[in-house]
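In mature numbering (1 follows the signal peptide of the UniProt record, and there is no 0), the protein residues as written are -25 to -1, 1 to 404.
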């Protein structure tokens, strides 16, 4: 009986030990995760921006409550626009940069920013891609907060908020960043870029007495905002994008959580410009031009894809954006087969003297030729796959890479067992 009792006890202990093993393993795993997480430490960073229409400027204040994990920040500035730097800690102002060694606690840096940025001067006067008037302002966060090299202790990452102080009678500010709903200030935004440890509020902003229309398309919240006084066609843009958006999501499985479209008339630049979460469009730009292309869809491609050409391959991003501006409209039923062929024929005529796609900046003619390149690539993919694979599959493969080269495209052509179109050409007679 005693022997049986001892054996039962041993078996019981063995079972308990076996049952405990997964718990120990989980415990070890959790400990490891906790250890890894402990390597990542956050410091609170607040950008405070006060807009001053009377001086066409903004006062920026950068506050870091606990900066002990930061060694230094080196901002790349343009002294034409960024002036009057003051701050605690050590501050060195040079010709093209400002180096700041913040104190460990309650660090603060302030400076002034000239808002107005002239892009082009024509017979009608200057045109701006950033401007502040007594009633409204349109600008990029990139210009308010210059890029910076940051030296910090391992694992240090910012938790950033951007707060605006608006002039009296200005009703609101809109951004491509999410609102900080739990912040004490109403015009506060969460600035979180997972790919960077020092978050910076890039993208377009609009502030003032505004008219804004909003809609949710798939997983993306879209806002279209312009000064109330402007003739910017907010509902036209919303309707156009609602019509085309299913084609956008057929090309891209993932779209941004939020996209802001801002616009105005004179004296703003008469074009379109994009950023990772927003875009600008002049109120005079048609939704579809007479040549069948669309500035708004072109810029939407840039916003959603983030694709850019490496070195001398600007044609890649510009050509893809223009190709899809036409293709999305066609797939949505906005262009007939006949009209699409006319559009491509016009691009062929326009680009007949282009001898190479390669170059730092893609001109209009080069972009037109690049559209034809991707049209041919699309046709080859369709032919090889008997209609089951088109350029969307190609774009999906380069989506995560972002920086695209000719070698990238050649590799993908090899993977799909097709020959890539040429990037250099003979001028046709």
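Note that the Cβ used here is the ideal one computed from N, Cα and C, for glycine as well. The model shown is predicted, which means the values in this text are computed figures rather than measured ones.
The Cβ atoms of residue 255 and residue 248 sit closer than 8 Å to each other. DSSP, read as helix, strand or coil, puts residue 56 in coil. Contact between residue 120 and residue 107 is ruled out by a C-beta separation of about 16 Å, above the 8 Å threshold. At the C-beta level, residue 178 and residue 231 stay beyond 8 Å of one another. Counting every other CB atom within 10 Å of its CB across the protein chains shown gives residue 163 a total of 16 or more, marking it as buried. The C-beta distance from residue 202 to residue 75 rounds to 35 Å, too long to meet the 8 Å contact threshold.
The beta-bridge partner set that DSSP reports for residue 88 consists of 33, 57.
Counting only the Cα atoms, residue 143 lies some 15 Å from residue 30. Ranked by Cα distance from residue 63, the options 56, 214, 36 are led by 36.
Boundaries for residue 15: no beta strand (DSSP E) harbours it, and the DSSP string shows neither H nor E there. Here the region 260 to 277 makes no contact with the region 353 to 367; the two share fewer than three CB pairs at distances below 8 Å. Residues of the same chain with a CB within less than 6 Å of the CB of residue 138, apart from the 5 flanking positions on each side, are 23, 160, 163 in chain order.
Secondary structure note for residue 145: it is in no alpha helix (DSSP H), with a DSSP letter that is neither H nor E.
Residue range 100 to 107 is occupied by the beta strand (DSSP E) that includes residue 102, with no alpha helix (DSSP H) assigned at that position. Following the DSSP letters along the chain, one finds residue 139 inside the beta strand (DSSP E) bounded by residues 131 to 140. The C-beta separation of residue 343 from residue 290 comes to about 10 Å, leaving the pair out of contact by the 8 Å criterion. When C-beta atoms of the region 182 to 199 are compared with those of the region 213 to 228, three or more pairs fall below 8 Å, so the two segments count as touching. Among the bridge pairs identified by DSSP, residue 83 is matched with 38. When rounded, the separation of the alpha-carbon atoms in residue 211 and residue 314 is 22 Å. Taking a cut-off of 8 Å for Cβ pairs, the region 126 to 137 and the region 51 to 61 do not touch, as fewer than three such pairs fall below it.
Around residue 205, the same chain offers 239, 240, 258 as residues with beta carbons nearer than 6 Å, after the five sequence neighbours per side are excluded.
In this structure, residue 292 places its C-beta atom within 8 Å of the C-beta atom of residue 277.
The criterion of a C-beta distance shorter than 8 Å is not satisfied by residue 269 and residue 374. Between the alpha carbons of residue 127 and residue 283 lies a distance of about 29 Å.
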